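If you count the sequence shown from 1, you need to add 1 to reach my numbering. Where a beta carbon is used, it is the ideal one built from N, C-alpha and C, also for glycine. On a predicted model such as this, the values are computed, not experimentally measured, just so you know.
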Amino acid sequence: DYDVVFDDGFVIGGQLIRIDIDPEQLARNQQATLAIVADAGLALETLAARVAGGLGETYDKPAETADAKAGKTRGAQITAAALEALALPTDPAFAPYVPLFDTLQQALPEAIWVGDSCATVYAANHLLSQPAPRRYFNASTGYGTLGYGLPAAMGATLGRPDLPVIALVGDGGIMFTLSELACAVEEQLPVVIVLWHNQGYEEIRRFMDNAGVTRLGVDIKAPDFQLLAQGFGCAAVAIDSPSELATAISERDASAPLLVEIDAAGWNAKVSH
């Protein structure tokens, strides 16, 4: 499910113990060395008790030792070195998204990011680094769910009203749940909806082209998102540059949702120069 680039390069080098309540799931994707049919929560609680010294003992998380802290530091160093070696921000496929994410992080440094299945989320899975846990989640795993991003971002706003929330959506996926704008406006949920408009289902379109398959159902005609948002009573702005994005966020009403529509072609043309 996490081989998001679909190149079969996600390899597990050691032994895999897999726990799932669904027996059929245990036989999919990676082959497990040991497959256990069980509720994941109960299984881990039992495992924790055994590791703590005996079945049935209450497991109390030990205080972090100096060795553990050193291990975390070393892990962070290894991760930083790997990211530097990969140099993903300079990859032509990711380069247009670097100024997008930089601008959003500078404008809303504490934000929770919630993603649909769209180009910006695929890029963020490789580029985005958040300062704390539970600050980025999305539907882009395996067969992702189109339309997830907006309602999930609204849920994040309700759960953490003290933090700003960014919803990353595409012009295809947003059509599945666009009506949720009415709820966001009515409940005054200040989600910043970043709509990446690339005129259709870009990922499927690319796979069709690479496979030599005639395009079908991927070059969709999008509606006027500005007009639709205004019809719901939601503030909306159309942009195509990092400076316009920064201005839109800084001037927004922080007590209401905002739809920021980014023309992908115009953005890519400007940031590539």
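- Taking C-beta atoms as the reference points, Arg19 and Ala33 count as a pair closer than 8 Å.
- Rounded to whole angstroms, Leu260 and Glu46 show a C-alpha spacing of 43 Å.
- Under the DSSP definition of a beta bridge, His198 partners with Asp264.
- Annotated as distal: Ala153 and Cys235, with beta-carbon spacing of 8 Å or more.
- Within the segment 69 to 119, the complete alpha helix (DSSP H) runs of at least 4 residues fall at 98 to 108.
- Ser244 is classed as exposed because its beta carbon has fewer than 16 other beta carbons within 10 Å across all chains shown.
- Distance from the CA of Gly171 to the CA of Ala67, rounded to the nearest whole angstrom, comes to 45 Å.
- Straight-line measurement puts the Cα of Pro132 at about 8 Å from the Cα of Glu111.
- Burial is judged here by how many other beta carbons sit within 10 angstroms of a residue's own beta carbon; Arg136 has at least 16 and is buried.
- The segment 156 to 166 and the segment 203 to 222 do not touch, with fewer than 3 CB-CB distances between them shorter than 8 Å.
- Phe233 has its alpha-carbon roughly 52 Å from the corresponding atom of Gln16.
- Residue state for Tyr123 is assigned as helix, using DSSP reduced to three classes.
- Nearest to Thr91 by C-alpha distance, out of Thr74, Gln106, Leu128 and Cys119, is Leu128.
- Within the model, the alpha-carbon separation for Ile37 versus Ala28 is close to 11 Å.
- Non-local C-beta neighbours of Ala230 in its own chain, meaning closer than 6 Å and more than five positions away in sequence, comprise Ala237 and Leu260, ordered along the chain.
- Leu169: member of the beta strand (DSSP E) spanning Val166 to Gly171, first to last residue.
- Excluding five sequence positions before and after Ala108, the CB atoms of its chain that fall closer than 6 Å to its own CB belong to Ala247 and Ile250, given in chain order.
- Within the same chain, and ignoring the five residues on either side of Trp114 in sequence, the residues whose Cβ sits closer than 6 Å to its Cβ are Tyr137 and Ile167.
- Bridge pairing for Ile250: absent [DSSP].
- One thing to note: Trp197 has its Cβ no nearer than 8 Å to the Cβ of Ala125.
- At the C-beta level, Asp264 and Ala239 come within 8 Å of one another.
- A residue is called buried once 16 or more other Cβ atoms fall within 10 Å of its Cβ, and Leu169 is buried on that count.
- Taken in chain order, the complete beta strand (DSSP E) segments of 3 or more residues contained in the segment 192 to 239 are 192 to 198.
- Check the Cα spacing between Leu190 and each of Ile22, Pro165, Val99 and Ala86: the tightest is with Pro165.
- Ala81 and Ala71 have their alpha carbons spaced roughly 15 Å apart.
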